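Report on the following structure.
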Amino acid sequence: MEANNNAYIGRCAICGQTRVTPPTCAHTEDEADVWATMNCSCKEGEDARRQMTAKKRISEMFPELDGALKDLLYEITEYMRQERLGNTASIKLPGDVIAKIKSGAKFVNIKRVEKKEQTQTL
Ligand SMILES: [Zn+2]
């Protein structure tokens, strides 16, 4: 829904609350809904927001991977969060990139390790 000043009114996908999005944060109704969902404070949406943030961060860290591999990394982090896997994982990805995932009592970290060496004969 379009509000005044080119701002949109977004709706939280979890609880349905609406909020006016700042003009720079959404340029379509879909973007407004995503913004409203991510910026909502509803308790029932906490887990969904955490998952959306995790997927976005994985996508930003490993932009070269296809969707299936990004999903796989995300699934591993979720299994570790639920303590259904051990607390460390190291996955060799295409292009000499390694994803190292580690979990603790209240966190799951993912690290991108990339070996770049250069040798020249002079
Ligand atoms: Zn909400």
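Per my numbering, the very first residue in the sequence shown carries number -2; after that it's consecutive.
From the three backbone atoms N, C-alpha and C, an ideal C-beta is built for every residue, glycine too.
Keep in mind it's a predicted model, so treat the numbers as computed, not measured.
Inset, instruction - Could you pull out every residue in the same chain whose Cβ sits closer than 6 Å to the Cβ of T34, ignoring the five residues on either side in sequence? - result: The count along the sequence shown starts at 1 and reaches residue 34 at position 37. When the five nearest sequence neighbours on each side are left out, the beta carbons in the same chain lying within less than 6 Å of the beta carbon of T34 are those of C9 and A10, in order along the chain.
Inset, instruction - Taking only heavy atoms of ligand 1 into account, decide whether any of them is closer than 6 Å to the Cβ of M73. - result: Numbered from its first residue, the sequence shown carries residue 73 at position 76. According to the sequence displayed, residue 73 carries Ile and not Met. Every heavy atom of ligand 1 is 6 Å or more from the Cβ of I73, so no.
Legend entry - Alpha-carbon spacing of S56 relative to Q117, whole angstroms: Numbered from its first residue, the sequence shown carries residue 56 at position 59. Numbered from its first residue, the sequence shown carries residue 117 at position 120. Approximately 34 Å between the Cα atoms of the pair.
Legend entry - Residues of its chain near E61, where Cβ-Cβ distance is below 7 Å and the 5 sequence neighbours each way are ignored: To locate residue 61, count along the sequence shown from 1; it is residue 64. Shown here for E61: same chain residues with a beta carbon closer than 7 Å to its own, the five before and five after excluded, namely G92 in chain order.
Legend entry - Where the alpha helix (DSSP H) through E80 begins and ends: Along the sequence shown, one-based indexing puts residue 80 at 83. In the DSSP assignment, E80 falls outside any alpha helix (DSSP H) and carries neither an H nor an E.
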